[in-house]
Each structure stands twice: as C-alpha cells, then as structure tokens.
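In this text, residue positions in the sequence shown follow my numbering: the first is 7, and each later residue adds one.
Backbone N, C-alpha and C fix where the C-beta goes; we use that ideal spot for every residue, glycine too.
As the structure is a prediction and not an experimental result, all values here were calculated from the model.
Here is the structure we will look at.
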Amino acid sequence: MTNIEKLAEILSHSASAVFFGGAGMSTESGIPDFRSASGIYNQKLNQTFSPEEMASYNFFVTHPEEFFAFYRERFVYLDAKPNAGHIALAELERRGILSAVVTQNIDGLHQVADSKVVYELHGSIRRSYCVKCGAKYDVKFVMNNKPIPYCEKCGGVVKPDVVLYGENLDSDTISNSIRAISNADTLIVGGTSLIVYPAAGLIDYFRGRHLILINKTATHADADAELVIREPIGETLSKAVALLK
Ligand code: BV8
Ligand code: ZN
Numbered sequence: 007m008t009n010i011e012k013l014a015e016i017l018s019h020s021a022s023a024v025f026f027g028g029a030g031m032s033t034e035s036g037i038p039d040f041r042s043a044s045g046i047y048n049q050k051l052n053q054t055f056s057p058e059e060m061a062s063y064n065f066f067v068t069h070p071e072e073f074f075a076f077y078r079e080r081f082v083y084l085d086a087k088p089n090a091g092h093i094a095l096a097e098l099e100r101r102g103i104l105s106a107v108v109t110q111n112i113d114g115l116h117q118v119a120d121s122k123v124v125y126e127l128h129g130s131i132r133r134s135y136c137v138k139c140g141a142k143y144d145v146k147f148v149m150n151n152k153p154i155p156y157c158e159k160c161g162g163v164v165k166p167d168v169v170l171y172g173e174n175l176d177s178d179t180i181s182n183s184i185r186a187i188s189n190a191d192t193l194i195v196g197g198t199s200l201i202v203y204p205a206a207g208l209i210d211y212f213r214g215r216h217l218i219l220i221n222k223t224a225t226h227a228d229a230d231a232e233l234v235i236r237e238p239i240g241e242t243l244s245k246a247v248a249l250l251k
C-alpha cells in the first residue's frame with residue numbers, strides 16, 4: 007500500500023478529522039513560507055532588523071512606518087489562489103470526514119476554497135481594526151493608506167488583525183481549536199515546522215487514533231506519527247481525496 011493509499015484508507019474511516027497547518031500549505035499557491043531555504047525569514051530584507059523583529063508587536067509600536075512597508079511587501083498576496091490541498095480539505099469537510107481546519111496562516115485561502123470551519127490562530131490579513139476605537143477596515147484600506155493607515159473616525163492606527171510576535175492569540179480561537187483537536191479521531195499535521203508557540207503546542211491535545219504528518223522536512227512530531235509523508239501537501243491531499251469512493 008502506498009502512503010497515499012494508507013492516507014485515503016484512514017480518511018475513509020474518519021468522522022471527525024482535524025487538519026493543523028502552516029505556511030507550507032500555501033507555498034503551492036505561490037506564497038513563500040518562513041523557514042525553508044526560500045522562506046521569508048531567510049531573505050535579507052533589511053540591514054538593521056531581522057524579519058522576526060519586524061513581525062513583532064514591539065516593532066509595530068516603535069517603527070510603524072517600517073512595519074507597514076515590510077507588511078505590505080512580505081505578508082499580503084491578494085492574487086494568491088487556493089491550491090489543490092485547500093480544495094481537498096474543503097471536500098473532506100463536505101463529506102463529513104473533516105470537522106475543522108486549524109491554521110497558523112493569515113492568507114484566508116481555506117475560506118476562499120470554501121472550508122466552513124477554520125480557526126485562524128494567527129489572524130488574517132483580510133481583517134484590520136483601529137487600535138483606539140475598534141472600527142473595522144479591510145485589507146485594501148491598509149494597502150492604500152501609506153505610509154501608516156489611520157482610522158477615519160478617530161485617527162487611531164489601523165492594525166492588521168494578525169498576531170505578531172509578543173502578542174497573545176485570540177482566546178476563543180484557542181479554545182475552539184483545543185476542543186476540535188481533543189475530539190478528533192484523526193489529526194493531519196501539515197506544512198508546518200511546529201516551531202512557533204503556543205500554536206505548535208495545541209497538537210498535544212490530540213487523543214485520537216491516527217496522527218499523520220505531511221511535511222517536506224522533519225518535525226519534532228514525526229516520531230509519534232503513524233504515517234509521515236515527505237511530499238508536497240497540496241498534491242498529497244488531493245490524490246488521497248481522489249481515491250475516496
Ligand atoms: C505569544 C504572524 C504570549 C505574522 C506569526 C522562545 C522559545 C519559545 C517561544 C518563544 C521564545 N521567544 C518568544 C517566544 C514566543 C513566540 C515564539 O513562539 N517564537 C518562536 C519563533 C520561537 N510566540 C509568540 O510571540 C506568540 N505570542 O507567545 O504571546 C506573549 C505575550 C506577551 C509577551 C510575550 C509572549 C505569537 C506567535 C505568532 C507570531 N506570528 N505570524 C507572520 O505571518 O509572520 S508566526 C509565523 O510562524 C507565521 O504565522 C507562521 O505561520 C508561523 C509558523 O511557521 P510555519 O507555518 O510552521 O511555517 P515555516 O516556514 O516555519 O514551516 C513551513 C514548513 O512547511 C517547513 O517545514 C517546510 O518544509 C514545509 N513545506 C513548505 N512547503 C511545503 C511544505 N510541506 C509540504 N508541502 C509543501 N508544499
Ligand atoms: Zn478609530
């Protein structure tokens with residue numbers, strides 16, 4: 007039995023699978039990941055600050071102009087389309103096999119592929135809000151109002167709804183993700199290096215039967231997995247779904 011056939015076999019017996027993903031889920035949509043050789047964090051973008059520094063809450067507060075320039079340049083890919091992997095996960099949800107997508111990604115591509123239950127642990131580039139009065143703005147407002155987008159109602163800074171380093175994650179999103187993972191019979195972890203916390207720690211709530219890892223490079227969870235697939239995740243998920251009756 008090939009790995010794809012084993013994956014299809016496990017999925018065909020799952021009724022509450024959960025997908026836990028990261029930037030590797032969107033590289034087949036043309037969005038670079040962070041820690042691969044071609045990832046964002048390995049590109050020398052700025053002489054003075056590291057990419058992690060520029061993606062931190064502290065940098066957003068102390069260097070807003072540089073923050074927004076970096077953000078517009080490196081975080082927003084409005085013409086990116088869902089790939090075969092996003093579409094396969096939406097199909098698994100429609101078939102009643104997958105109960106939730108838990109993602110660290112901020113590109114919103116799971117929802118564009120029509121996944122209904124998506125928990126965005128690190129927020130989304132598609133939503134922004136005024137830090138002073140909470141007024142909501144869309145991504146176009148942030149892209150068009152340079153150098154710093156200010157609220158039209160109260161003049162406060164309009165911040166992307168993205169969890170920066172040193173910022174807390176949304177507590178409802180965390181509890182919803184923990185509930186989904188704790189109740190899952192199958193957990194597919196894919197396209198993530200499992201380095202960033204508290205997100206990476208959520209997979210420890212899994213108590214089900216089948217832990218599956220689909221990632222181009224090794225992760226610390228591989229040893230516990232029943233199935234480790236070192237192939238592109240988009241292709242892998244779509245081939246497995248194609249085998250389902
Ligand atoms: C917090 C938004 C409380 C912006 C992101 C020291 C030790 C431990 C923890 C810490 C520490 N120092 C600081 C911390 C906490 C810190 C943290 O975890 N740092 C890490 C770097 C050590 N965490 C935080 O700050 C979090 N908040 O803790 O709040 C607090 C409050 C106040 C004061 C202090 C603490 C907030 C974390 C969220 C940060 N925001 N994103 C942005 O988008 O950058 S994190 C960023 O990394 C992205 O969101 C990304 O999703 C996330 C995780 O990366 P991955 O998704 O896993 O991507 P990566 O490139 O790493 O891996 C991709 C994988 O896919 C690779 O393995 C590759 O091989 C594979 N792949 C690629 N293509 C494919 C593929 N596989 C298959 N098929 C393919 N086609
Ligand atoms: Zn405001």
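Check, Outcome
"Give every residue of the same chain whose Cβ lies closer than 8 Å to the Cβ of Ala-86, excluding the five residues on either side of it in the sequence, and list them in chain order.", "Ser-32, Ser-35, Gly-36, Ile-37, Asp-113, Leu-115"
"Contact criterion: CB-CB distance below 8 Å. Does Asp-113 meet it with respect to chain D?", "Chain labels in this structure do not include chain D; a single protein chain is all it has."
"Would the C-beta of Arg-41 count as close to the ligand BV8, meaning under 7 Å from any of its heavy atoms?", "yes"
"Under a criterion of Cβ closer than 5 Å to any non-hydrogen atom of the ligand ZN, which residues qualify, in chain order?", "Cys-136, Lys-138, Cys-139, Ala-141, Cys-157, Lys-159, Cys-160, Gly-162"
"DSSP on Glu-232, reduced to helix/strand/coil?", "coil"
"Which of helix, strand or coil does DSSP assign to Thr-192?", "strand"
"What do you reckon, are the CB atoms on Thr-179 and Glu-99 nearer than 8 Å?", "no"
"Per DSSP, what kind of secondary structure is Leu-104 in: helix, strand or coil?", "strand"
"Ile-220 and Ile-209: beta carbons closer than 8 Å?", "no"
"Could you tell me the distance, in whole angstroms, from the CA atom of Glu-15 to the CA atom of Gly-129?", "33 Å"
"Starting from the C-beta of Ile-2, find all residues in its chain whose C-beta is less than 6 Å away, skip the five residues before and the five after it, and write them out in chain order.", "With the chain covering only 7 through 251, there is no way to say anything about residue 2."
"Looking only at DSSP bridge pairs, what is Ser-183 linked to?", "In DSSP, Ser-183 forms no bridge with anything."
"Could you check whether the segment 162-174 touches the segment 52-64, counting it as contact only if at least three pairs of C-beta atoms, one from each stretch, sit closer than 8 Å?", "yes"
"Taking just the CA atoms, how far does Tyr-135 sit from Ser-177?", "18 Å"
"Less than 8 Å between the beta carbons of Gly-28 and Asn-89, yes or no?", "no"
"Under a Cβ-count criterion, where at least 16 other Cβ atoms within 10 Å of its own Cβ denotes burial, should Tyr-261 be classed as buried or exposed?", "Outside the modelled stretch of the chain, which goes from 7 to 251, sits residue 261, for which no answer is possible."
"Quick one: Cα of Val-67 to Cα of Val-118, how far?", "31 Å"
"If you drop the 5 nearest sequence neighbours on each side, which residues of the same chain put their C-beta closer than 8 Å to that of Leu-175?", "Leu-127, His-128, Val-169, Pro-204, Ala-205"
"Which residue's Cα is closest to the Cα of Gln-53: Val-124, Glu-72, Asp-39?", "Glu-72"
"Check whether the Cβ atoms of Phe-81 and Ile-131 sit closer than 8 Å, and answer yes or no.", "yes"
"Would you check whether the ligand BV8 has a heavy atom nearer than 7 Å to the C-beta of Lys-152?", "no"
"Along the chain, where does the alpha helix (DSSP H) that runs through Gly-240 open and close?", "239-249"
"Does DSSP put Leu-217 in a helix, a strand or coil?", "strand"
"At what residues does the beta strand (DSSP E) containing Ala-23 begin and finish?", "23-27"
"Pick out whichever of Val-124, Leu-84, Gly-197 has its Cα sitting closest to the Cα of Gly-45.", "Gly-197"
"Note down, one range per segment and in chain order, each alpha helix (DSSP H) of at least 4 residues found wholly within the segment 54-98.", "57-60, 63-68, 70-80"
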